[in-house]
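Visitor: Position 212, counted from 1, in the sequence shown is what this note's numbering calls 492; the numbers after and before it change by one each time, with no gaps.
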Amino acid sequence: MDTPQLKSLGLGIAARTAVTLGATLGRQLAAKAEVGRGHPLKHRLLDLASGALQTKYPVEAMSTYLNGLHMYADDMGRQVEAAHFCIHLRHDLHQCVIFDRNAADARLIGIEYIISEERFRSLPAAEKKLWHSHHYEVKSGILTAPGVPEIAEHSYFEDLVSTYGKTFHTWQYDREDFPYGVPQLMMGFTADGQANEDIIEARDARVGVSTRTKRAGREDIATPHVDPEANRWESGWSVQTTTEDVPFRSVPRSD
281 MDTPQLKSLG
291 LGIAARTAVT
301 LGATLGRQLA
311 AKAEVGRGHP
321 LKHRLLDLAS
331 GALQTKYPVE
341 AMSTYLNGLH
351 MYADDMGRQV
361 EAAHFCIHLR
371 HDLHQCVIFD
381 RNAADARLIG
391 IEYIISEERF
401 RSLPAAEKKL
411 WHSHHYEVKS
421 GILTAPGVPE
431 IAEHSYFEDL
441 VSTYGKTFHT
451 WQYDREDFPY
461 GVPQLMMGFT
471 ADGQANEDII
481 EARDARVGVS
491 TRTKRAGRED
501 IATPHVDPEA
511 NRWESGWSVQ
521 TTTEDVPFRS
531 VPRSD
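1) Does the Cβ of GLN520 have 16 or more other Cβ atoms within 10 Å, making it buried, or fewer, making it exposed?
2) Tell me the rounded alpha-carbon separation between VAL360 and GLY468.
3) Whole angstroms is fine: what's the gap from VAL377's alpha carbon to THR493's?
4) Starting from THR361 and walking both ways along the beta strand (DSSP E), at which residues does that stretch end?
5) Would the beta-carbon of HIS412 fall within 9 Å of that of THR503?
6) Are at least three pairs of beta-carbons, each pair with one atom in the region 365 to 385 and one in the region 333 to 349, less than 8 Å apart?
7) Please classify GLY445: does DSSP put it in a helix, a strand, or coil?
8) Hey, how far is the Cα of SER396 from the Cα of LEU373?
9) For ILE480, is the classification buried or exposed, using 16 other Cβ atoms within 10 angstroms of its Cβ as the cut-off for buried?
10) Among GLN452, LYS419, THR424, which one has its Cα closest to the Cα of ILE501?
11) Per DSSP, which residues does ASN347 bridge with? Please list them.
12) Compute the beta-carbon to beta-carbon distance between ILE389 and TYR453, rounded to the nearest angstrom, for a pair I have assumed lies under 8 Å.
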């Protein structure tokens with residue numbers, strides 16, 4: 281029934297929604313305004329105009345935000361927080377861009393590809409050395425989807441627990457405030473006692489999650505069989521990217 285009370289209620293809800301959206305938009309604009317501070321005004325104006333007028337399909341398709349920790353493939357002592365923004369590109373493939381945090385001025389630090397267990401089993405042995413499993417990251421609660429309702433997050437991680445990831449960080453931000461060097465292969469943790477608890481606690485406080493609570497809520501997720509050719513570092517050996525001088529090909533190849 282269309283009564284004055286219902287109209288008033290509807291207008292009240294609409295007003296509160298508008299205020300919430302307005303506040304959110306205001307925060308987003310304020311955050312964007314901080315990015316590029318110190319650049320010439322014409323560059324900042326171009327950035328703002330581009331943000332308002334251009335459609336960026338690959339970026340807008342990044343629908344899932346995951347927060348976790350990575351370690352360098354050749355050094356467990358070097359551990360960093362990683363904010364992933366991902367798209368489920370195909371049924372057996374996710375692709376993610378990685379930042380140091382979820383903020384407008386976050387530093388782009390790397391990429392990760394995530395594939396299904398079935399796809400991983402089909403890889404050649406040399407390729408498998410580059411990949412890590414996600415079973416412990418999921419079961420331990422270290423990998424989380426901040427802001428997603430618990431029931432939806434649980435369902436998502438039931439699928440993700442058996443996947444494998446290949447990750448390269450292009451910015452060693454634990455050492456440098458500039459993207460020096462070559463991309464570094466990263467790995468994930470596989471057992472208790474490996475991840476730095478101080479980093480986890482700081483991440484939890486900043487992002488607003490509880491790794492301990494997440495872990496308890498995922499006890500019912502079955503631990504998958506992990507391919508022994510993943511997580512190469514567990515053997516005592518690993519692979520890492522380096523630079524070397526190679527001959528330059530000056531003649532176009534016919535193949």
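We put the beta carbon where it would ideally sit given N, CA and C, even for glycine. Predicted model, so just to flag it, every value in this text is computed and none were measured.
Guide: So, from the data block:
1) exposed
2) 11 Å
3) 27 Å
4) Rather than Thr, the amino acid found at residue 361 in this sequence is Glu. GLU361 -> beta strand (DSSP E) spans 355 to 370.
5) no
6) yes
7) strand
8) 7 Å
9) Result: buried.
10) LYS419
11) Its beta-bridge partners are ALA363, THR424.
12) 6 Å
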